[in-house]
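Number of protein chains: 2
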Amino acid sequence: MSETVIGSRRPRIDAPDKVTGATRYAADGYIHGLLHARPVLSTEAHARIRAVHRDDALAVPGVVAVLVASDFPMAAGGGDRTSEPLAREEVVFAGQPVAIVVGESEAAAEDGAETVLVEYEPLEAVVDLEEAMQPGAALARLAEDSDDGGDLESIHAGVDHGEEEAEEEELSGNVLDRVNRSSGDAAAALEASDAVVSATFRTPWMYQAYIEPQVATAWLEPSGTLVVSTSTQGSFVTRSELARAFDLPLDRIRVIAEPLGGAFGGKFALVEPLVVGAALALRRPVRLVLTRAEDFQATNPASAQISHLRMGGRKDGTLTAIEARMIVDRGSNAGWGVEGITSLLVAGPYRWEAHNLRGYGVQTNRFTFGAYRAPGAPTAAFAVESLLDELAEELGIDPIELRLKNAVVEGDVGVSGNAFPAMGAVDVLERLQDHALWKNRASLPEGEGVGVAAGYWPGGNEPAAAVCRVDTDGTMTVVTSAADMSGVNTGFAAIAAAAFGLSPDKVRVVSADTATGPYAGASGGSKVTYTVGKAVLGAAEAARVKVLAAASEELEIAPGDLEVVDGVVRAKGAPDRSITVEEIARKALRFGGRYEPIEGHGGSAQTKSAPSVAGHLSHVRVDRETGEVELLAHVIAQDVGRALNPALVEGQMRGGATQGMGWALFEQLEHDEDGRLVTGSFLDYAIPLSDRVPDIDTLIVEVPAADGPFGAKGIGEAPVVAAPAAIANAVAAATGVRMRRLPMTAPRIWEALSSASEPA
Amino acid sequence: MSETVIGSRRPRIDAPDKVTGATRYAADGYIHGLLHARPVLSTEAHARIRAVHRDDALAVPGVVAVLVASDFPMAAGGGDRTSEPLAREEVVFAGQPVAIVVGESEAAAEDGAETVLVEYEPLEAVVDLEEAMQPGAALARLAEDSDDGGDLESIHAGVDHGEEEAEEEELSGNVLDRVNRSSGDAAAALEASDAVVSATFRTPWMYQAYIEPQVATAWLEPSGTLVVSTSTQGSFVTRSELARAFDLPLDRIRVIAEPLGGAFGGKFALVEPLVVGAALALRRPVRLVLTRAEDFQATNPASAQISHLRMGGRKDGTLTAIEARMIVDRGSNAGWGVEGITSLLVAGPYRWEAHNLRGYGVQTNRFTFGAYRAPGAPTAAFAVESLLDELAEELGIDPIELRLKNAVVEGDVGVSGNAFPAMGAVDVLERLQDHALWKNRASLPEGEGVGVAAGYWPGGNEPAAAVCRVDTDGTMTVVTSAADMSGVNTGFAAIAAAAFGLSPDKVRVVSADTATGPYAGASGGSKVTYTVGKAVLGAAEAARVKVLAAASEELEIAPGDLEVVDGVVRAKGAPDRSITVEEIARKALRFGGRYEPIEGHGGSAQTKSAPSVAGHLSHVRVDRETGEVELLAHVIAQDVGRALNPALVEGQMRGGATQGMGWALFEQLEHDEDGRLVTGSFLDYAIPLSDRVPDIDTLIVEVPAADGPFGAKGIGEAPVVAAPAAIANAVAAATGVRMRRLPMTAPRIWEALSSASEPA
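As given, the protein sequences belong to chains Y and V, one line each in that order.
Numbering follows this note's numbering, in which position 114 of the first sequence is assigned residue number 334; successive positions increment by one, without gaps.
Numbering follows this note's numbering, in which position 23 of the second sequence is assigned residue number 243; successive positions increment by one, without gaps.
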């Protein structure tokens, strides 16, 4: 295998089409007879629907139909968004779709939607997360039917829940799930510690803020096949979810995952059921492109969380025990939540002698919770990494030293009960320790500080397949069904090129749809390169076997004595005896050809996890007069296994760090006391603009994943995890004040500084 | 492997959509901004184009452009239809496209086309085939550039040309190709024979008469990819032909082979260049749907042929030698012709002690020759099988006995120089000999007769690939890039089902396009089941390996001790220990799944030919007063290797025999002396309607092809080969008069009967 392409910087293969506007996104395709949909969103956070008055809307010229839940030909039951795309009797959050208006034009649908009058019988809105848990609290959902989470649950919450608690705490019916992980006697261990710190951390609902709002189109082919063209992270999971919700055979549905305009975990079978229901009801093609305002209100942002944490250590720097109580606001998501993963990740990449980690998934009348890059991880890292700094201070130990002393190494058993594979926690921390920003932090001016934090993402696994095909021009086509997110296709090209022996310039990567594509899971969980990429590797190797077999006959040299280098098959040690891949392909792919097509199929079933760890240094200046934080510099070091393409890896590192800056300083979705969103536009919801983002120094650490293609592991999620915590620690270093609520807005910091400077 | 599905009658899987009108053919898809094209066809058979006056057409409302050859962005040179979709300076047949009018509507394009005035400078039209060969004959094409035939030559004329002739005959420049196959001293062998017969046979140009006229649509994606949606027999060959003609990289072109509405060899890159040229010139989608009249004039029917044949035999029934001079009218097709294959097949499925077989490919100003079911074979069989009957009569031997005595068996070396594999020539003839129609032929009334004839088709080979994928519902998808012609997809389903261990009801077959599909050659040459079917077999077996591996872990039984029966993996001998394929697929295709996707890829590279032989009995009544032939009964016996699905096999046998009836009695494309078509509609060109077609008795003979999937071989072409000859022999039996020109129309027979009854 030629590995020279592995590790070389190459542009993303999707970039030219994207920057020239040639990419056809899901909203761009023209469908004959297309109808346009506009949802009617609930204005109430919790209410019974008394009536939906459609007559005015139907009188609008161009309006074809106003559809409510009962108009959709769906399977019975299920309270998840896929099964209940339109509220049935009860609305459970403000922004929930109640009806959908379908018109011949977008304008007609919009005019129609504005005239639909929904009569509600208000119910008590459950908005406060802690109150929601209390015994006797009003319920956020009265209806009995809830959902099983379908295939999405396994994708997002595929983490075991630990042991059942011996004594059940008495909590309200809003608490849908409890997680309990414990080992050893954490209370006793804390009692025996030299220092114990504890605090409560709060993080808000967070919007994924993809550039492309959610969009899907559905139509019936004359044969009865339902085609769904959509901006999704997963074609096969969308197919199975739609089949479940609409009680259709899998092969009646063909899902085309169009090029994504961003997703970050939020694009899973959320809008597809709306257009599928309408298309099935009306027997015409229907498209829904959410407006940005609708996307803010009606989709599935990351949940708010309250994290109570206590930990202890000994003077020698040994961490003793950790106790956590992680309260996750699921909103209306009855199917799944991140209480499992966040209560796992709150232990960080560290060894603890004992732990007692609890998670609670609580329903409220806010949104429907969804996934957002490393779901449950930034919240956990914010808590544990803030508190570790406090513990270091209590123990009089350098924060990186404390982390290094306890950082997990291969074989350490984590709080999941599984041993960690090789993961560069130590390496990453050492790279940060050596960085000038850290070394020189003592000499910073007043009001500046440097913070450190580390975090990891365990990485998902899902079986996958891929096909590689060589054409008569000697180029290769890689076919997968993975959605090209974060540049994975560019990685596939490198993997295939290196495994086969071609220049990556000669490899194109094509996404197939569910009708013909090899299986791939959703692009999420930092698993695509690790799992689908492994299948691509296998496919390219299988194709290589074919080309070697043919070349062996042509050259009369045993396959084992041949190598493929840059598109040429040649004798090892005698490169003059050679034949090009193109020549062989031309001999094979013709009438009367004597060689099998130069094609291969690869399958993968990764069973070992390949976690990625990332550590950050943040350098901030805090204006004590205003509380304003200025980000001066940022360093991220990440163990990426093997950087298939350092340029893309760095892009992920920078993007993750930048989203972490949003967590830290800017972003929050807020509701009023009635549960109505008050930050429903980019005027109210601030994401980090480029003038607020400092230079980001990227340090790539490579601890190969044993089973990864060329050692690569999934790297998309790890870089966001500890970024907010590092910035919080930097703010503490700059000000001496601990911020325990995100985002650390100027008013909050100003207030904290004011309180801290008041005389005792 | 479960083989119970092999050999069982099942309906075609494409039938429900076709009979309910749900199939979306190439002319049906809606493309946004589509323009419609209408060709301007040459009224001259041979002329220089002086000028094309476009102004009147451009003044027609809705006409967007009138394009001539120089407007198309094509690679230089090449005189074939793909390289020269519009005549450049010289038109070489009446009906050749000279310009294309593109309009916003079909009506606008048609109105525009009617007003385009082409000024011609007439050149001598070469219409008579024998005159065309004579030294000094006018040339049918003056331009120097001819073509290399591209990939189509290898598909259609992939037969070696034998040795070069020692003494070159002096012939005109219209003779583009000469073939000479000889072995032994044929002249001497004939001299020494007990009987020698000779005759000249003439066959006309024949139209493929597919139901769906030729149609293609081309457009550019925003990314620059050229998409061609077309009614074609081969997506990959269309892609390579277009890439050659327009000098484009392969991956710039995506060819979608839409469901075929009939093809019979005639649909190969003929209309695609017209729409591609227009779409590239105009940067808008362009569709061309030929009218039936255009399809008659402007496409590529089967060539006319003159076959001079002489053969001898001994009294013991041994065939001695055969001499042939096969003159093939290529029309304007400079690239390839059937002189190679027809001079091979004229030897029939018989042993000869010596042979001297010559073929001549001659250009004229009639059409462009193309392929039509078993190209060059019915013409050859008409000659050899007619003359064999005459020889049998001369030798006083029963016609079937004569054939049986000389029929090839496995290992006999044919005139190609290659040994025949097992082929059921003897079996087929014996089945006919045993048939009541043959046995009772002596007792027929006056004016009736029974004729026999046999012929074979060698069968093509081309490497192919396929993918099988099992979904979570336990169903299988077979993906190939083969055009579904003559029911091959239904055969694939049976092959995959039997190889894997599923019911065929649970297998769907999907045709992929060139962007993502596994390689397949064109559907033609009776090779799809034999080659692509073999790849499907391999793919299903590879998928079975995956399911056995997973089941082995689940059941804790070694894979070799497991079997897959009707979707259940179970222990051999202990069927209670089992798990369904569906269960395994559900365990594999999920987040955290531990088994590779149940998918497999198969490749094939058949190197042995798998010829199919078919024999016919025809029972006719000839009305001596009118010359009218009534077909009373027809029997076809065919060696199909293994009948994967007897219902479909019989359909091919009936269809082939019926087309042979068209050859025999009805069909001919005729030109006037200036080379203008005078039979350009179904009013003038008679195909066998159902009221003229008798019951056809089908006798399936199974001599397995060693390398075929379950022993199957290609069977589509063989059934047409000897049908016309059998009918001619029946007419001779009924009348005592030999018809040596097809079709045997009533006037011709009446004339022949009249001449024969005249006093000597």
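Positions of the beta carbon are idealized from the N, C-alpha and C atoms, including for glycine.
The structure presented is a predicted model; accordingly, all values stated were derived computationally and were not measured.
Closer than 8 Å, Cβ to Cβ, to anything on chain V: give me those residues from the segment 827 to 850 of chain Y, in chain order. Thr827
Short of 6 Å in beta carbon distance, which residues of its chain neighbour Leu768 (chain V), apart from the five on each side in sequence? Order them along the chain. Pro779 and Leu782
Within 8 Å of any Cβ in chain V, is that where the Cβ of Leu255 (chain Y) sits? no
Does any residue of chain Y bring its CB to less than 8 Å from the CB of Ser460 (chain V)? yes
Quick one: what's got a C-beta closer than 8 Å to Asp733 (chain V)'s C-beta in the same chain, skipping five residues either side? Ser455, Arg474, Val475, Ile476, Ala477 and Ser701
Compute the distance between the beta-carbons of Val840 (chain Y) and Ala954 (chain Y), then report whether it is under 8 Å. yes
Anything in chain V within Cβ reach of Asn210 (chain Y), meaning under 7 Å, just list it in chain order. Outside the modelled stretch of chain Y, which goes from 221 to 980, sits residue 210 (chain Y), for which no answer is possible.
How should Phe488 (chain Y) be labelled, buried or exposed, when 16 other C-beta atoms within 10 angstroms of its C-beta is the threshold for buried? buried
Cβ contact (3+ pairs, closer than 8 Å) linking the segment 504 to 523 of chain Y and the segment 404 to 422 of chain Y: no
Is Ile561 (chain Y) near Pro595 (chain Y), with beta carbons less than 8 Å apart? yes
Would you report the Cα separation of Gln316 (chain V) and Gly497 (chain Y), rounded to the nearest angstrom? 51 Å
Val633 (chain V): buried (16+ other C-beta within 10 angstroms of its C-beta) or exposed? exposed
Quick check on Gln888 (chain V): does DSSP put it in helix, strand or coil? coil
Quick one: which chain Y residues come within Cβ less than 9 Å of Leu470 (chain V)? Asp691, Thr692, Asp693 and Thr695
Would Ile431 (chain Y) be called buried (16 or more neighbouring beta carbons within 10 Å of its own) or exposed? exposed
At the 8 Å Cβ level, is Thr302 (chain V) part of the contact set with chain Y, yes or no? no
Can you tell me whether Asn660 (chain V) is helix, strand or coil according to DSSP? coil
Tell me the DSSP secondary structure of Phe421 (chain V) in three-state form. strand
Consult DSSP for Asp647 (chain Y) and reduce its assignment to one of helix, strand or coil. helix
Between which two residues does the alpha helix (DSSP H) carrying Glu773 (chain V) extend? Gly753 to Leu775
Which chain Y residues sit within Cβ distance under 9 Å of Leu809 (chain V)? Phe456, Ser460, Glu682, Pro683, Tyr739 and Gly741
From Trp883 (chain V) to Ala942 (chain V), what distance separates their C-alpha atoms? 10 Å
Where do the ends of the alpha helix (DSSP H) carrying Arg512 (chain V) lie? Arg512 to Ala518
With contact counted as at least three CB pairs below 8 Å, one residue from each stretch, are the segment 673 to 685 of chain V and the segment 934 to 951 of chain V in contact? yes
Interface residues of chain V around Tyr815 (chain Y) at Cβ under 8 Å? Pro683 and Ala825
Could you please give me the residues that DSSP links to Trp439 (chain Y) through a beta bridge? Y:Val447
Is the beta carbon of Ala762 (chain V) less than 8 Å from the beta carbon of Gly721 (chain V)? no
Report yes if the CB atom of Val624 (chain Y) is closer than 8 Å to the CB atom of Lys535 (chain Y), and no otherwise. Before going further, note that residue 624 (chain Y) is Leu rather than Val in the sequence given. The answer is no: Cβ separation not under 8 Å.
With DSSP collapsed to three states, give me the class of Arg545 (chain Y). strand
Looking at the structure shown, is Ala314 (chain V) part of a helix, part of a strand, or coil, going by DSSP? coil
Would you mind listing the beta strand (DSSP E) stretches within the segment 255 to 324 of chain V that are 3+ residues and don't spill past its ends, in chain order? 255 to 261, 267 to 273, 283 to 288 and 317 to 323
Work out the CA separation of Glu937 (chain V) and Glu334 (chain V) for me, nearest whole Å. 39 Å
Any C-beta of chain V under 8 Å from that of Ser443 (chain Y): yes
Excluding the 5 residues preceding and the 5 following Ser222 (chain Y) in the sequence, name in chain order all residues of the same chain whose CB lies nearer than 7 Å to its CB. In this prediction, Ser222 (chain Y) scores a pLDDT of 49, lower than 50, which makes its location untrustworthy; no coordinate-derived value is stated.
Is any beta-carbon of chain Y found at less than 8 Å from that of Ser222 (chain V)? Note that Ser222 (chain V) scores 48 on pLDDT, short of 50, meaning its location in the model is unreliable; the coordinates nonetheless yield the value given after this. Chain Y contact via Cβ: absent.
Would you call His891 (chain V) buried or exposed, if buried means 16 or more other Cβ atoms sit within 10 Å of its Cβ? buried
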